[in-house]
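Residue numbers (my numbering): 3 to 649. Heads up: the structure comes next, in structure tokens.
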Ligand code: IFM
């Protein structure tokens, strides 16, 4: 088990990520890196005792609330981590005293985050302190945290406060109203409600102390119930404090406080919780691990990424999906993009299909939002949101607010034009079905999505009588550096063509296998045999800008006429090409934010369909790679180039 060293004071083995030194300049970054979760919630790796300007956050799937400009965001839920330790009146904190040794470890195999510190207080008292936490994978409503305190050179009083913090903010915005809180048998509980979406949350907690006698007291500042205890300790004596927390919301139960109290009373020991949690992780890894021998870096990297996916995939909820930044932070406000279906889903389809089904069923439950969006733009059927949240209505912000006070607001066009998402979702459904043969799910959920999004395309695609071909005009493809007058983007057109081909196949499959369901959907979605023929006609005549004499695919009509650019002239750089050239400057040049034609080739490779073949791939690779801002464009880009790089 060789260990590799990376920058940022990180060491990794094949299962563990270890931080060897604390650097407050990396506070937020490391909070994200050390996120834990269980598919119900994610908790950033902030410290139990707090730290100035920390972005402590617990995000629970589906707990959204209204917010200006970006419509809705995942709410930072009450903070369950808080546990402060003070010795003879001096609080243990990393911004005070002296850190004599430090190690933070994320154990991917067991889903446990731990931290071991030797600390000298400002007045010179030394103690060892060890923290460990997990969000139970065996029971998603259970969270547990252990603290072990060992004084090294003093007799004295250690005061411990374990709190629930009801007013955490989303970077300055508070979503919570306090309803009530209290104490029952030395356990505390808290009842809160989101301001607009009116989701109620109940959280309960107890503290188990071992290693010394302890008398527990409860204090109750509104929104901040706390269990306190003061312990007499002597050198070498270790006291263990186990904070056990339960959480429910009205998204799942009617009385979340009662549910969290009831659950809490059933939980008697930290070790038992930990062993069922570890067992659940063992099962998850048995299904999903990827073994790479002889390359610790690759082994750890792949496991770290799988871990991130496993902790963010809803196990027991089909009305939520994985946001672009998972449940690890505030980026993109917890909104769901095509990232889930196109980049994340394959992993689940092939290792944990039940979780893949949950993610796809979310799209079924958002169909009405997609229908409202289509109708808002004057189209028919289901036009999926580029950024989606709880209802499926479009939540991409219309405007981005600039950093400088007198700069212009920036219009974001993705909500209107990045419509390939309505073909990406059917693409994912199709491959889920191919891999699982889950006919029932396709009949009851998937087919309606594929067909109704197909209805949308009929109203969106235009016939060009002059050219005698179907076209899709004014879109944004996968490459978001080009957003004005992008007509016939090859990626979008081919994905739509592919989708409509499958819509015909599924329509025919329903008619032959499940005629009753076919009749039901015909009536509900207004699909007629004539429309089926339109789909076929569109498949045959939708234009794809491919030149068979050169094997080149033009990213969109006119792309090759844009000013060409040599990205090497801008090296070295530490900004995106859009930041360097400006939005308009980049849009007038042949520079891509992320793979577009190569993205299409990647997706079509799965079944070796047009335009995928090795000659076309080679030609387009040679053309597009030098023009792609792979390092500073989108984090989705490198994976696609990496896949082709090996071929
Ligand atoms: O979905 C992506 C998009 O492709 C590029 N910008 C960021 C989005 C969210 O990850």
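Backbone N, C-alpha and C define an ideal beta-carbon position, used for all residues, glycine too.
Can you list, in chain order, the residues of its chain whose CB lies under 6 Å from that of residue 74, leaving out five sequence neighbours each side? Counting only Cβ-Cβ distances below 6 Å, and skipping sequence neighbours, we find 66, 68, 391, 397.
Within 7 Å of any Cβ in chain D, is that where the Cβ of residue 572 sits? The structure shown contains no chain D, having only a single protein chain.
Any heavy atom of ligand 1 closer than 6 Å to the Cβ of residue 589? For residue 589, the Cβ stays outside the 6 Å cut-off from all heavy atoms of ligand 1.
Following a CB-centred definition, is residue 418 positioned closer than 6 Å to any heavy atom of ligand 1? Because no heavy atom of ligand 1 lies under 6 Å away, the Cβ of residue 418 does not count as near it: no.
Cross-strand partners of residue 242 (DSSP beta bridge): Note: residue 242 sits in a beta bridge opposite 150, 212.
Would you give the residue range spanned by the alpha helix (DSSP H) that residue 268 belongs to? It spans 258-268 - the alpha helix (DSSP H) in which residue 268 sits, taken as one unbroken run.
Quick check on this structure: which residue in 479, 582, 233 has the alpha carbon closest to the alpha carbon of residue 340? Considering only alpha carbons, the answer is 479.
Cβ neighbours of residue 523 in the same chain (closer than 8 Å, five flanking residues each side left out): If we look at residue 523 and ignore the five residues flanking it on each side, its Cβ neighbours are 449, 450, 453, 512, 529.
Starting from residue 350 and walking both ways along the alpha helix (DSSP H), at which residues does that stretch end? It spans 347-353 - the alpha helix (DSSP H) in which residue 350 sits, taken as one unbroken run.
How should residue 300 be labelled, buried or exposed, when 16 other C-beta atoms within 10 angstroms of its C-beta is the threshold for buried? Residue 300 comes out exposed.
C-alpha gap between residue 129 and residue 287, whole angstroms: Going by C-alpha positions, residue 129 is about 36 Å away from residue 287.
Residue range of the alpha helix (DSSP H) that residue 50 falls in? Looking at the DSSP string, residue 50 is not in any alpha helix (DSSP H), and its letter there is neither H nor E.
Which whole runs of the alpha helix (DSSP H) in the segment 459-518 are 4 residues long or more, in chain order? Entirely contained in the segment 459-518, the alpha helix (DSSP H) runs reaching 4 residues are, in chain order, 492-515.
Cβ contact (3+ pairs, closer than 8 Å) linking the segment 343-357 and the segment 372-385: With a cut-off of 8 Å, the segment 372-385 and the segment 343-357 do not count as touching, because too few Cβ pairs lie within range.
Please indicate yes or no: does the CB of residue 636 lie closer than 6 Å to some heavy atom of ligand 1? Yes, ligand 1 has a heavy atom inside 6 Å of this Cβ.
Reducing DSSP to helix, strand and coil, say where residue 227 ends up. Strand at residue 227.
Taking only the alpha-carbon atoms, compute the straight-line gap between residue 25 and residue 432 and give it to the nearest angstrom. Computed Cα separation, rounded: 47 Å.
Is the beta carbon of residue 247 closer than 7 Å to that of residue 145? The Cβ-Cβ distance between residue 145 and residue 247 falls below 7 Å.
Taking 7 Å as the cut-off, decide whether the C-beta atoms of residue 99 and residue 122 are in contact. Their beta carbons are under 7 Å apart, which means residue 99 touches residue 122 by this criterion.
Contact set for residue 563: own chain, Cβ-Cβ below 6 Å, skip 5 residues either direction: Answer for residue 563: no residue qualifies.
Ligand 1 heavy atoms versus the CB of residue 332: any closer than 6 Å? Flag unset: Cβ of residue 332 not near ligand 1.
Using 8 Å as the Cβ pair cut-off and three pairs as the minimum, do the segment 363-372 and the segment 414-421 touch? No, the segment 363-372 is not in contact with the segment 414-421.
Could you say which of 49, 64, 136, 239 lies nearest to residue 105 if we only look at CA atoms? Closest in alpha carbon position to residue 105, among 49, 64, 136, 239, is 49.
Name the DSSP beta bridge partners of residue 107, please? Beta-bridge pairing links residue 107 to 20, 116.
So the beta strand (DSSP E) residue 639 belongs to, where does it begin and stop? Premise fails: residue 639 lies in the alpha helix (DSSP H), 639-647, not in any beta strand (DSSP E).
Mind checking which residues open and close the beta strand (DSSP E) that includes residue 178? For residue 178, the enclosing beta strand (DSSP E) covers residues 178-186.
Between the Cα of residue 608 and those of 240, 434, 187, spot the shortest distance and give me the residue it belongs to. Of the candidates 240, 434, 187, the one whose C-alpha sits nearest the C-alpha of residue 608 is 434.
Assigned exposure category for residue 223 - 16 Cβ within 10 Å defines buried: Counting of Cβ neighbours within 10 angstroms places residue 223 among the exposed residues, the total staying below 16.
List in chain order: all unbroken alpha helix (DSSP H) runs of 4+ residues lying wholly within the segment 546-614. You should have 579-589, 599-607.
For the putative contact between residue 207 and residue 164, defined by C-beta atoms under 8 Å, what is the C-beta separation to the nearest angstrom? Confirmed, about 7 Å.
For residue 107, the nearest candidate out of 306, 79, 585, 36 (CA to CA): Comparing Cα positions, the closest option is 36.
Residue 520: buried (16+ other C-beta within 10 angstroms of its C-beta) or exposed? Flag for residue 520 reads buried.
Here's the rule: buried if 16 or more other CB atoms are within 10 angstroms of the residue's CB, otherwise exposed. What is residue 326? Residue 326 sits buried, since 16 or more C-beta atoms from the chains shown fall within 10 Å of its C-beta.
From the DSSP output, in three-state form, read off residue 121 for me. Under the three-state reduction of DSSP, residue 121 is assigned to strand.
With a threshold of 6 Å on Cβ separation, who are the neighbours of residue 116 within its own chain once the five nearest residues in sequence on each side are excluded? Exclusion of the five residues before and after residue 116 leaves 107, 134 as the residues of its chain whose Cβ lies within less than 6 Å of its Cβ.
Would you identify the three-state DSSP class for residue 205, choosing helix, strand or coil? In this structure, residue 205 counts as strand in the three-state DSSP scheme.
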